[in-house]
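Numbered according to my numbering, the sequence shown spans residues 15 to 484. Glycine included, every Cβ here is placed at the ideal spot set by N, Cα and C. Predicted, not measured: the structure shown is a model, and the values here were computed from it. To start, the structure itself, in structure tokens.
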Amino acid sequence: MPSLAPEILDRLAREFGPDLLTSATDLEPRSRDESGLSRPPAAVILARDEARIVRLLEIANESAGQRSRFAVIPRGAGTGLAGGCLPDAATAVPAVILDLSAMNRIIAIDARSLTATVQPGVLTGDLRRAARAQGLFYPPDPASLDASSIGGNAATNAGGPACVKYGTTRDYVLGLRAVLPTGEAIRAGVNTRKGVVGYDVARLILGSEGTLGVITELTLKLVPHPRATACLAGVFRDLDAAMRAIIGVMTGGRLPAAAEFLDARSLELVGDLLPFRVAGGSALVLVECDGDPEQVRREAGEIAAAFRASGASEILPPALADEDREAIWKVRRSVSTRIHESCVVYIPEDIVVPIGRIADMVARLPEIADRHGVAIYAFGHAGDGNIHLNLTAPDEALRPKVEAAAEECVRLALGFGGTLSGEHGIGQAKRLLLPLEIAPANLRLQRGIKRLMDPNNVLNPGKIFPPEEE
Numbered sequence: 015m016p017s018l019a020p021e022i023l024d025r026l027a028r029e030f031g032p033d034l035l036t037s038a039t040d041l042e043p044r045s046r047d048e049s050g051l052s053r054p055p056a057a058v059i060l061a062r063d064e065a066r067i068v069r070l071l072e073i074a075n076e077s078a079g080q081r082s083r084f085a086v087i088p089r090g091a092g093t094g095l096a097g098g099c100l101p102d103a104a105t106a107v108p109a110v111i112l113d114l115s116a117m118n119r120i121i122a123i124d125a126r127s128l129t130a131t132v133q134p135g136v137l138t139g140d141l142r143r144a145a146r147a148q149g150l151f152y153p154p155d156p157a158s159l160d161a162s163s164i165g166g167n168a169a170t171n172a173g174g175p176a177c178v179k180y181g182t183t184r185d186y187v188l189g190l191r192a193v194l195p196t197g198e199a200i201r202a203g204v205n206t207r208k209g210v211v212g213y214d215v216a217r218l219i220l221g222s223e224g225t226l227g228v229i230t231e232l233t234l235k236l237v238p239h240p241r242a243t244a245c246l247a248g249v250f251r252d253l254d255a256a257m258r259a260i261i262g263v264m265t266g267g268r269l270p271a272a273a274e275f276l277d278a279r280s281l282e283l284v285g286d287l288l289p290f291r292v293a294g295g296s297a298l299v300l301v302e303c304d305g306d307p308e309q310v311r312r313e314a315g316e317i318a319a320a321f322r323a324s325g326a327s328e329i330l331p332p333a334l335a336d337e338d339r340e341a342i343w344k345v346r347r348s349v350s351t352r353i354h355e356s357c358v359v360y361i362p363e364d365i366v367v368p369i370g371r372i373a374d375m376v377a378r379l380p381e382i383a384d385r386h387g388v389a390i391y392a393f394g395h396a397g398d399g400n401i402h403l404n405l406t407a408p409d410e411a412l413r414p415k416v417e418a419a420a421e422e423c424v425r426l427a428l429g430f431g432g433t434l435s436g437e438h439g440i441g442q443a444k445r446l447l448l449p450l451e452i453a454p455a456n457l458r459l460q461r462g463i464k465r466l467m468d469p470n471n472v473l474n475p476g477k478i479f480p481p482e483e484e
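Written out as structure tokens, the structure is:
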């Protein structure tokens, strides 16, 4: 782990006092995220307000090009799956983690304008609950919504099951405040539903994984909370039948609030959570609908009929009460945890393919798994083609085989007209794969934007882009 120059450590201690953390006890939990990577920082700064973030980046830029230079790595709740909030392992430049978790205030919920103003450390689930208390709804729902922060969601444009109907985080950010890599604080975007003045800098920062700015405040769009919601679960003999059911639902004049699937291998891990036995090779589909009560009852019946027409062997009756719906969703949310518990090597991919090619994609996975001697679990968002692939092995010595299988899966998805990441982002874990999708001219353009906004390369370096050849 590269160390901070003594003069910088002294300066940071004077500027930030007890908010500068250097003990192993404080550094260790901030040296990892959910990707499985571990990259220890040289120090941690606890962010309390925008002014202190400005000051840290000013110091980083003043030190650039000197022996005392250091990088600043923004970090939210640490739930990312691509190493985006960790220091770059390939650089000798020491890194200071900028921990934003203490900036966790819901500043205001404006029920008349249907907006919320929040700091980046607010947990997504907390915002959802606060909005619902006023009859409003914040739709983005990443699987980690009770642990992930709004700022991290915005930095990666996180999605979740509800994005099939409601869209991703980006669709709910009206405006934001951010500190640029140079230490300048700006306001970008609007407080209104529409606005086309100048370049859309807010959209540029959103999804940039903390490389183009540190988000310090967000103005979010809310919508009226649905008056009723129902969730249905259906078991099918194989994934092809499950996908036919999904397509039947999606093309039947309905727009479900969520449409999820679990392949046979994933279902084996969580089948004990279902109230009936599941035959080997089966696939599970979860579909949720929301709206007015009568509309929800009608659509639930139509979805059940579509399930039966596609050969569902079991259908859970529509769950209307929150606790019943949560019991069904527990099946879906338990998959990742149980995969983690069952393996030593774990690489999560979140490829996206056209909806009609999901079955084709998943059908090719067994041959990839057999060729490399690894296990592949497939589940995710059937409504928008976002497939979560968890590639695993029981021994660390097999990691190269898991990595090779992951790259083959990405290449296959791209061949089906897809993309290598739908919501996790690139971070460090996937940056070597970026040229498989982004053409050289486009890559040069994006590198140029980074250099323009971060001329000293002090903010979250080593993320998204593969290392440049010397």
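- Is the CB-CB distance between Leu-141 and Tyr-152 below 8 Å? Against a cut-off of 8 Å, the Cβ pair of Tyr-152 and Leu-141 comes out as a contact.
- Query: Name the DSSP bridge partner or partners of Ala-419?
  - Reply: According to DSSP, Ala-419 bridges with nothing at all.
- Query: Closest to Val-388 by CA distance: which of Gly-92, His-402, Val-358, Arg-371 is it?
  - Reply: With distances taken between Cα atoms, Val-388 lies closest to Val-358.
- Item | beta strand (DSSP E) segment containing Asp-102, residue limits | Asp-102 -> no beta strand (DSSP E), and no H or E assigned at all.
- Beta-carbon separation of Ser-49 and Ala-419 under 8 Å? Their beta carbons are not under 8 Å apart, which means Ser-49 does not touch Ala-419 by this criterion.
- Query: Which residue or residues does DSSP assign as beta-bridge partners of Glu-274?
  - Reply: For Glu-274, the beta-bridge partners assigned by DSSP are Leu-300, His-395.
- Kindly confirm or deny that the stretch 175-191 and the stretch 456-471 touch, where touching means at least three C-beta pairs closer than 8 Å. Inter-segment contact for the stretch 175-191 and the stretch 456-471 is absent: fewer than three beta-carbon pairs are separated by less than 8 Å.
- Task: Label Ile-390 either buried or exposed according to how many other C-beta atoms from any shown protein chain fall within 10 Å of its C-beta, with 16 as the threshold for buried.
- Result: Answer is buried; the Cβ neighbour count reaches 16.
- Item | Ala-247 - partner residues in DSSP beta bridges | Leu-300, Leu-330.
- Supposed contact pair Leu-236 and Val-187 - C-beta distance, whole angstroms, cut 8 Å: Between Leu-236 and Val-187 the Cβ distance is about 12 Å, and since that is not below 8 Å, they are no contact.
- Message: Run through the DSSP bridge pairs and tell me what Leu-60 is partnered with.
- Response: Per DSSP, Asp-113.
- Task: Tell me whether Val-367 is buried or exposed, calling it buried when 16 or more other Cβ atoms sit within 10 Å of its Cβ.
- Result: Buried is the call here.
- Could you tell me the boundaries of the beta strand (DSSP E) in which Leu-403 lies? Annotation: the continuous beta strand (DSSP E) that includes Leu-403 extends over 400-407.
- Count the C-beta pairs between the stretch 370-389 and the stretch 421-430 that are closer than 8 Å, then say yes if the count reaches three, no if not. At 8 Å Cβ cutoff, the stretches touch.
- Task: Just tell me which of Ser-52, Ala-341, Ser-37, Ser-82 has its CA closest to the CA of Val-472.
- Result: With distances taken between Cα atoms, Val-472 lies closest to Ser-82.
- Selected residue, minimal CA-CA separation from Thr-36, among Asp-113, Arg-207, Gly-92, Ile-67: Checked all of Asp-113, Arg-207, Gly-92, Ile-67; the closest Cα to Thr-36 is Asp-113.
- Return helix, strand or coil for Leu-220, following the three-state DSSP convention. If DSSP states are grouped into helix, strand and coil, Leu-220 belongs with coil.
- Query: For Tyr-152, does the three-state DSSP call read helix, strand or coil?
  - Reply: In the three-state reduction of the DSSP assignment, Tyr-152 falls in the coil class.
- Sequence ranges, alpha helix (DSSP H) only - wholly within the stretch 114-178, length at least 4: You should have 138-146, 164-170.
- Under a three-way DSSP split, which group does Asp-364 fall into? In the three-state reduction of the DSSP assignment, Asp-364 falls in the strand class, which pools E and B.
- Query: Quick one: what's got a C-beta closer than 8 Å to Val-110's C-beta in the same chain, skipping five residues either side?
  - Reply: These residues qualify, in order along the chain: Leu-18, Leu-26, Pro-55, Ala-56, Ala-57, Val-58, Ile-59, Leu-70, Ala-74, Phe-84, Ala-85, Val-86, Ile-87.
- Message: Output needed for Ala-411: all residues of its chain with C-beta closer than 6 Å, excluding positions within five of it in sequence on either side, in chain order.
- Response: The answer is none, since no qualifying residue turns up.
- Item | Cβ pair Ala-176, Met-117 closer than 8 Å | Contact: no.
- Query: Is it right to say Ile-463 is buried, meaning 16 or more other beta carbons lie within 10 angstroms of its own, or is it exposed?
  - Reply: Classification of Ile-463: exposed, given that the 10 Å Cβ count is below 16.
- Item | C-alpha gap between Arg-251 and Pro-289, whole angstroms | Whole-angstrom Cα-Cα distance: 17 Å.
- Task: Name the one or two DSSP bridge partners that Lys-235 has.
- Result: For Lys-235, DSSP records a beta bridge to Thr-129.
- Message: In the DSSP assignment, the beta strand (DSSP E) including Pro-43 goes from what residue to what residue?
- Response: Here Pro-43 belongs to no beta strand (DSSP E), and DSSP marks it neither H nor E.
- Would DSSP call Val-349 helix, strand or coil? In the displayed model, Val-349 falls within a helix according to three-state DSSP.
- First through last residue of the alpha helix (DSSP H) which encompasses Gly-462: According to the DSSP assignment, Gly-462 belongs to the alpha helix (DSSP H) that extends over 454-467.
- Thr-93 classed as buried or exposed, judged by whether at least 16 other C-beta atoms fall within 10 angstroms: The Cβ neighbour count for Thr-93, taken over all protein chains shown within 10 Å, is at least 16; the residue is labelled buried.
- Task: Note the first and the last residue of the continuous alpha helix (DSSP H) segment covering Val-9.
- Result: The requested residue 9 does not occur in the structure, where the chain is confined to residues 15 to 484.
- Query: Within 7 Å: the Cβ of Arg-378 and any heavy atom of the ligand SAH?
  - Reply: You won't find the ligand SAH in this model; it holds no ligand whatsoever.
- N-terminal and C-terminal residue of the alpha helix (DSSP H) that Pro-307 is part of: According to the DSSP assignment, Pro-307 belongs to the alpha helix (DSSP H) that extends over 307-323.
- Any 3 or more C-beta pairs closer than 8 Å across the stretch 252-269 and the stretch 307-320: Enough Cβ pairs lie closer than 8 Å, so yes.
- Taking just the CA atoms, how far does His-395 sit from Ile-261? If you draw a straight line from the Cα of Ile-261 to the Cα of His-395, it is about 13 Å long.
- Message: My output table needs one value for Ala-65: the three-state DSSP class, helix, strand or coil.
- Response: Helix, per DSSP.
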